[in-house]
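Undergrad: For the sequence shown, my numbering assigns the number 1 to the initial residue and increments by one for each residue that follows. The C-beta atom is built at its ideal place from N, Cα and C for all residues, glycine as well.
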Amino acid sequence: MSSSDPEHIKLESKAACTALAFSPPGGGDGAVLVTGSLDGVIRVYQLPSTKVVRAINGFGDEISSIAVCNPPSANENAGDRGDISTLKLWVACGRKVFLCDLGVDTSKLILSPSDARETLDLLEKEDDLLNQVSLNPTATTLAFTSDSGVVGVVDLLSENRDKRLLDTSHTSISNTVEFIPGWPSEVVSGGFDCKMQHFDVESGTLLSSKTLGAAPSVSTNTSLSPPFVLCTALSTSGCIAAGTADGRIYVGRKGVVGADGKKLKSKGRWRCLLEGEASEGLNFEAGVLDGPVVGL
Numbered sequence: 001m002s003s004s005d006p007e008h009i010k011l012e013s014k015a016a017c018t019a020l021a022f023s024p025p026g027g028g029d030g031a032v033l034v035t036g037s038l039d040g041v042i043r044v045y046q047l048p049s050t051k052v053v054r055a056i057n058g059f060g061d062e063i064s065s066i067a068v069c070n071p072p073s074a075n076e077n078a079g080d081r082g083d084i085s086t087l088k089l090w091v092a093c094g095r096k097v098f099l100c101d102l103g104v105d106t107s108k109l110i111l112s113p114s115d116a117r118e119t120l121d122l123l124e125k126e127d128d129l130l131n132q133v134s135l136n137p138t139a140t141t142l143a144f145t146s147d148s149g150v151v152g153v154v155d156l157l158s159e160n161r162d163k164r165l166l167d168t169s170h171t172s173i174s175n176t177v178e179f180i181p182g183w184p185s186e187v188v189s190g191g192f193d194c195k196m197q198h199f200d201v202e203s204g205t206l207l208s209s210k211t212l213g214a215a216p217s218v219s220t221n222t223s224l225s226p227p228f229v230l231c232t233a234l235s236t237s238g239c240i241a242a243g244t245a246d247g248r249i250y251v252g253r254k255g256v257v258g259a260d261g262k263k264l265k266s267k268g269r270w271r272c273l274l275e276g277e278a279s280e281g282l283n284f285e286a287g288v289l290d291g292p293v294v295g296l
């Protein structure tokens, strides 16, 4: 259902929404919004319409993440942005990811997982579950995280879809993973061990990390939750924001902008997880809520 405010659109679903993705990433009129829900259904909308134009039903479990495989180019006309028939999605559900082609059999409004082009089981432990999947800008590498704490990547150019786990796992649930804009061979992950980790995908090595400590008690409303990393967001320039279970956000800009706030002309190492004086005040934390920050 759409609200009376043209700047806001309200979508209603039969089950809680557990994943979403825009194509192109910025959204806007003509863009495509893809949602996944607790009942294992993918729904596709072409904004600003609130009508479901395509669906994928029958996954049988919660959709934990969606990665759009080929978002339209920013140079395309707005009228070309919503060509749903060109979109492919990597959908994470349970232990597996499914490559779903929205252009297959356009005579059907509702597809099923059996229509997927590929199905990959990415996890080694039988009781493990996927959390987030993310694609590099050329859609040639898929990164993933899981309940067991692993962070891994899949080479989508290899014939056998070669999989590699990165060197350092989280000690608890690894919840988020994203490729860093401007550093296409590097990812940053976040977990329930209150830690963010920065990896080189090609070598698999850990480049930097940051552990979030407990927030200082400044009021009776201070959350008692540990600072689990629940969500992350990265800007096109590579700045990072992370939301935690105790109501804080972490912002990292070091190595992306200078101390004067201007974007750096030359790009060196991504240093957005540095602490203290080494960050020159460009990386910082702030309390924003009395409850968890679940999305950014």
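Between residue 246 and residue 230, what straight-line distance do the alpha-carbon atoms span, to the nearest angstrom?
TA: Between residue 246 and residue 230, the C-alpha separation is close to 10 Å.
Undergrad: How should residue 40 be labelled, buried or exposed, when 16 other C-beta atoms within 10 angstroms of its C-beta is the threshold for buried?
TA: So residue 40 ends up on the buried side.
Undergrad: On the CB-based measure, 16 or more other CB atoms within 10 Å of its CB, does residue 89 come out buried or exposed?
TA: With 16 or more Cβ atoms within 10 Å of its Cβ, residue 89 is classed as buried.
Undergrad: Pop quiz: residue 54 and residue 109 are said to be a contact at Cβ under 8 Å. What is the actual Cβ separation, rounded to whole angstroms?
TA: Indeed they touch by this definition, with Cβ atoms about 6 Å apart.
Undergrad: DSSP has residue 270 in a bridge; who is on the other side?
TA: DSSP output for residue 270 lists no bridge partner at all.
Undergrad: Could you check whether residue 199 and residue 136 sit closer than 9 Å to each other, using their CB atoms as the reference points?
TA: Against a cut-off of 9 Å, the Cβ pair of residue 199 and residue 136 comes out as no contact.
Undergrad: Quick one: any contact between the region 118–133 and the region 144–159, if contact means 3 or more CB pairs under 8 Å?
TA: Yes, they touch.
Undergrad: Spatial neighbours of residue 256 within its chain, please: CB distance less than 6 Å, with the 5 preceding and 5 following residues excluded, ordered by chain position.
TA: Closer than 6 Å at Cβ, skipping near neighbours: 237, 238 and 239.
Undergrad: Work out the CA separation of residue 183 and residue 268 for me, nearest whole Å.
TA: Using only the alpha carbons, I get a separation of about 10 Å.
Undergrad: Got a sec, what are the start and stop residues for the beta strand (DSSP E) residue 151 sits in?
TA: Residues 151–155.
Undergrad: Short of 6 Å in beta carbon distance, which residues of its chain neighbour residue 208, apart from the five on each side in sequence? Order them along the chain.
TA: Around residue 208: 198 and 273.
Undergrad: For residue 31, which residues does DSSP report across the bridge?
TA: Beta-bridge pairing links residue 31 to no other residue.
Undergrad: In chain order, which beta strand (DSSP E) runs of at least 3 residues are fully inside the region 177–219?
TA: You should have 183–191, 195–200 and 206–211.
Undergrad: Give a yes or no on whether the C-beta atoms belonging to residue 190 and residue 174 are separated by under 9 Å.
TA: In contact: residue 190 and residue 174 (Cβ atoms closer than 9 Å).
Undergrad: Leaving aside the five residues before and after residue 205 along the sequence, list all residues of the same chain whose C-beta is less than 6 Å from its C-beta, in chain order.
TA: Contacts found: 167.
Undergrad: Between the alpha carbons of residue 128 and residue 94, how many angstroms are there, rounded?
TA: Approximately 8 Å between the Cα atoms of the pair.
Undergrad: Would the beta-carbon of residue 150 fall within 9 Å of that of residue 162?
TA: No, they are not a contact pair.
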